[in-house]
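J.:
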Amino acid sequence: MKLPASFAYLRRCHPRHLSALYHTRRPFSTTTTHLNKDGDSANVWNLTHEDVSQYWRGYLATRPKYTDAFYDLIYNYHASHSQSKPPSFSIAHDVGAGPGQVSAKLAQRFSHVVVSDNNENHVNYAKHFLSNTSVPASRFSFAVKKGEDLGSKYPPASADLVVSALMFPLMDTMSALRSFHALLKPGGTLAIWFYGRAHFAELEYAGLCQPLLDRIINHHFSGVIAGGGPEHTAGWKHVADGIASWLDYIPFANEDWGSVERHKWNAKWTSLGFFGNEACNFAVEPRSSVTDAEAVIDRDDRSLWRKDWDVGQLREFVQYIYLFRGWRRNL
């Protein structure tokens, strides 16, 4: 498994510094409308209750399980940069929470977790998922809200931690950073991470099997990505460029964010993203906003979040990688 993760803490600063965060590209948000041809999101995200339950069960069964060691990396970073003694673990935001599995883990450390997603179906499933954990319902609150708008919904400087797992490349970069900046307390932590499609870790299989798996996945995604209008293409290009950058495109302005750490796992032998450049009808252009003041940590670990699958289980991963048209017929 490959993985980039970026951590930054909020500097104590006057709100006027927020004006230093400016738009660098066309506004884009977590809404999936722009990622579906002709603006039709119904075939991908507007699902029946049964569809939602079945999809998220398959999603959780086939996706990697974030380890305690990974969460500890975030928590230890937060504790070491907190401006309160002892460090505050009161409120965490899980942005783009999907089925809620990250929220469940955060609730083991934080007193309260705000579970948000821009899709009501996702939030409703997260409520169901979290109701089956041992965490009292009172320690969760829920919001159907875009990540870019959370800063205007909740009190400023109210959160200790904001996490965005897999969703940040879908957001308007600068609007999301402004929103998260507004939410966080001085010294609060922002953690962003992403992972991509499965890669064969065994060298004897990688050369033969990886190209075949990539072609299958790219075939499915090319039907979603190619052929839409200009806004559709621009939306997917924003996503593809950001993912190909291994999240290095995210600019953490020094006046607003401090002690930025960019962690990468297995960047030397994998590519990031659920689809490759071959699925795109545009040039994929990675870019970097990394500065000399930031720490970049590269690791090579072929056992990271490893899953031992047979062919049937690998097929399930492909089936649940994205809600393609005709998703239920392909199960």
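The numbering of the sequence shown is full-length UniProt numbering, which starts it at 1 and goes up by one.
A virtual CB, placed ideally from N, CA and C, is assigned to each residue, including glycine.
All figures in this text were calculated on a predicted structure; none of them were measured in a lab.
1) In the DSSP assignment, the alpha helix (DSSP H) including PRO230 goes from what residue to what residue?
2) If distances are taken between C-alpha atoms only, which option among SER103, GLU204 and PRO251 comes closest to ASP292?
3) Take the Cβ of LEU212 as the centre, count every other Cβ of all protein chains shown within 10 Å, and call the residue buried at 16 or more, exposed below.
4) For ALA92 and ASN266, I'd like the C-alpha separation in whole angstroms.
5) What is the DSSP secondary structure of THR173, counted as helix, strand or coil?
6) Take THR133 and list the residues in its own chain whose beta-carbon comes closer than 6 Å to its own, dropping the five residues that flank it on each side.
7) Look at the Cβ atom of PHE275, then the Cβ atom of PHE194, and state whether they are nearer than 8 Å.
8) Which value, in whole angstroms, describes the spacing of the CA atoms of GLY100 and PRO4?
9) Please check the pair THR189 and HIS81, which I expect to be a contact at CB under 8 Å, by giving their CB distance rounded to whole angstroms.
10) Measuring only the C-alpha atoms, how far is SER41 from TYR59?
11) In angstroms with no decimal places, state the Cα-to-Cα distance between SER6 and GLY258.
12) With a threshold of 8 Å on Cβ separation, who are the neighbours of PRO286 within its own chain once the five nearest residues in sequence on each side are excluded?
13) Whole-angstrom Cβ separation of VAL162 and PHE180, contact assumed at under 8 Å?
14) From the DSSP output, in three-state form, read off PRO211 for me.
T.: Considering the structure as presented:
1) Where PRO230 is concerned, the enclosing alpha helix (DSSP H) stretches over 230-244.
2) PRO251
3) exposed
4) 28 Å
5) In the structure shown, THR173 falls within a helical segment according to DSSP collapsed to helix, strand and coil.
6) The answer, listed in chain order, is ALA104.
7) no
8) 21 Å
9) 7 Å
10) Note that SER41 has pLDDT 39, beneath the 50 cutoff, so the model's placement of it is unreliable and the number below is only indicative. A straight line joining the alpha-carbon of SER41 with that of TYR59 spans about 19 Å.
11) 12 Å
12) Cβ neighbours of PRO286 beyond the five flanking positions: ASP241, ALA244, SER245, TRP246, ASP248 and TYR249.
13) 5 Å
14) helix
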